[in-house]
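Notes for the one structure printed next.
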Amino acid sequence: MKQLLKWVAWPFVVLMALARWAGGTFLISALALFPVALVAELVFRKHHPWKLHLLTAAGASLVIGALVGAAAWLGLKFPDLSIPGLALKDDAPGVRKGTTRGESLTAQGVAALRAAHQLVDDLPRILDDPISVQLVGPDFVSRIAANSERLRDPQVSALRCHVLLRSRYAEDRLGVCVQEGVRQCVIIGAGLDTFAYRQPPEPDDFRVFEVDHRASQESKRELLAKAAISIPANLTFVELDIEKRSLRETLVHAGVDPTRPGFFSCLGVLVYLMRDAVRDLLRTVAGFPPGSEIVFTYAGSVNTDDDPTWLANRAKTLGEPWLSGFSAEELVGELREAGFHAIEFLSREAAARYVGHRTDGLEPPRRVRIASARV
1459 MKQLLKWVAW PFVVLMALAR WAGGTFLISA LALFPVALVA ELVFRKHHPW
1509 KLHLLTAAGA SLVIGALVGA AAWLGLKFPD LSIPGLALKD DAPGVRKGTT
1559 RGESLTAQGV AALRAAHQLV DDLPRILDDP ISVQLVGPDF VSRIAANSER
1609 LRDPQVSALR CHVLLRSRYA EDRLGVCVQE GVRQCVIIGA GLDTFAYRQP
1659 PEPDDFRVFE VDHRASQESK RELLAKAAIS IPANLTFVEL DIEKRSLRET
1709 LVHAGVDPTR PGFFSCLGVL VYLMRDAVRD LLRTVAGFPP GSEIVFTYAG
1759 SVNTDDDPTW LANRAKTLGE PWLSGFSAEE LVGELREAGF HAIEFLSREA
1809 AARYVGHRTD GLEPPRRVRI ASARV
């Protein structure tokens, strides 16, 4: 038994080290490994002095921690941007892993899913987004093509369909608002959203504002430049950490007119905000004049609304944990209290009309958590 434990324990230590890879630094990895190394020391060398146990465990932890730290450092150059069913690593688009706050790996995954739709799914497309293919680059396009069968995984297909539906629905709602006279579009948590770079001919005074962290915006600009995609004249980048600065004041300073109605897109954002921050965001949008509208996605309440735990866990491993969830009833209450009047949840039947009859495995999600609300 002792020999068996001996063969199992140190591989376990190594596995612990590898488990620290995603967010591992030298110090954090060493601290995490020290208790395991000490236990192994006590089991296999119990007759040695305590001082020797401590020194040996500390030394082993530091050595393995250094290896993990080096691996994490290399991860700055070779990020793991895998999405379920499709591994995307060294030539994937986007920012480096594990650096400053604001760099979103989930945003890169979303761009990958939109690009994949253009390349491997049937016509007609749910969302026609050729810019996403340009953004991810030719090497990445080749990788998608080589892994097309893995994209048929049911979870990946469901996630891809959700990503496509939310953008298509938001852009359709924006089209309605533009017809009614709305001339300013604010994309909150824009990430690698491509609407501004493929927008249809709009009125001359139509403006788009992309709101995100500086790191994400800098990374996006690099990708746009690399793909030779020009930045439209009517686009303004707005730097903001929505939980640290006032959304309204920042938007006004950037040129958004608070006396005119606006359209707000907030896709894949609410889950990363605490409830108080969600309420502040909704109140800010509701403070714009009548005719203003927000389209957003949300996560269901944990254990009560079929919350997609696997996706939440995936986001957490990428350093972007989900912080809030709402049932439809809770959201209606929040929206009413904020000042919204017309509230619409995209139904599965309406989603099915977007998806159409297909043979590529895309089908409406069982739970469609996409909604709009008007002032």
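Under our numbering, think of the first position of the sequence shown as 1459, with each following residue one higher. Glycine included, every Cβ here is placed at the ideal spot set by N, Cα and C.
Distance from Ser-1782 to Val-1736 at the Cβ level is roughly 6 angstroms; contact confirmed, criterion being Cβ atoms closer than 8 angstroms.
Counting only runs of 3 or more residues that sit fully inside the segment 1654 to 1681, the beta strand (DSSP E) segments are 1665 to 1670, in chain order. Per DSSP, Ser-1625 lies in no beta strand (DSSP E); the unbroken alpha helix (DSSP H) holding it starts and ends at 1612 to 1637. The DSSP assignment places 1721 to 1724, 1751 to 1755 as complete runs of the beta strand (DSSP E) inside the segment 1704 to 1765, in order along the chain (cut-off: 3 residues). The residue among Ile-1584, Pro-1588, Val-1621 with its C-alpha nearest the C-alpha of Val-1568 is Val-1621.
DSSP places Ile-1589 within a helical segment (H, G or I) once states are collapsed to three. Closest by C-alpha distance to Ala-1574, out of Asn-1605, Cys-1643, Thr-1564, is Asn-1605. The segment 1621 to 1631 makes contact with the segment 1717 to 1730, as at least three CB pairs between them are under 8 angstroms. Judged by DSSP secondary structure, Phe-1695 falls within the beta strand (DSSP E) whose first and last residues are 1693 to 1697. Rounded to whole angstroms, the gap between the alpha carbons of Leu-1563 and Pro-1582 is 28 angstroms. One alpha carbon belongs to Val-1714, the other to Gln-1642, and they sit about 7 angstroms apart. Here Pro-1822 is buried. Its C-beta has 16 or more other C-beta atoms within 10 Å. With contact defined as three or more Cβ pairs closer than 8 angstroms, the segment 1661 to 1680 and the segment 1749 to 1758 are not in contact. In the DSSP assignment, Arg-1806 falls within the unbroken alpha helix (DSSP H) covering 1806 to 1813. For the pair Val-1599 and Gln-1576, the CB atoms are not nearer than the 7 angstroms cut-off. Sequence-distant Cβ neighbours of Leu-1793 in its own chain, meaning closer than 7 angstroms and more than five residues away, are Leu-1740, Ile-1801, Ala-1831. Judged by DSSP in its simplified three-state form, Phe-1784 adopts coil rather than helix or strand.
For Ala-1829, the enclosing beta strand (DSSP E) has its first and last residue at 1828 to 1832. A direct Cα-Cα distance of roughly 19 angstroms separates Lys-1684 from Thr-1694. Straight across, the Cα-Cα distance linking Arg-1618 with Ile-1828 is about 14 angstroms.
Leu-1593 places its beta carbon less than 7 angstroms from that of Leu-1681.
Contact between Thr-1652 and Asp-1587 holds, since their C-beta atoms are separated by about 6 angstroms, short of 8 angstroms. Take the alpha-carbon of Ala-1808 and the one of Arg-1816: they are about 15 angstroms apart. Proximity to Ala-1757 across Glu-1787, Ala-1810, Asp-1738, Ala-1686 peaks at Glu-1787, based on C-alpha coordinates. If you draw a straight line from the Cα of Arg-1733 to the Cα of Ile-1700, it is about 13 angstroms long.
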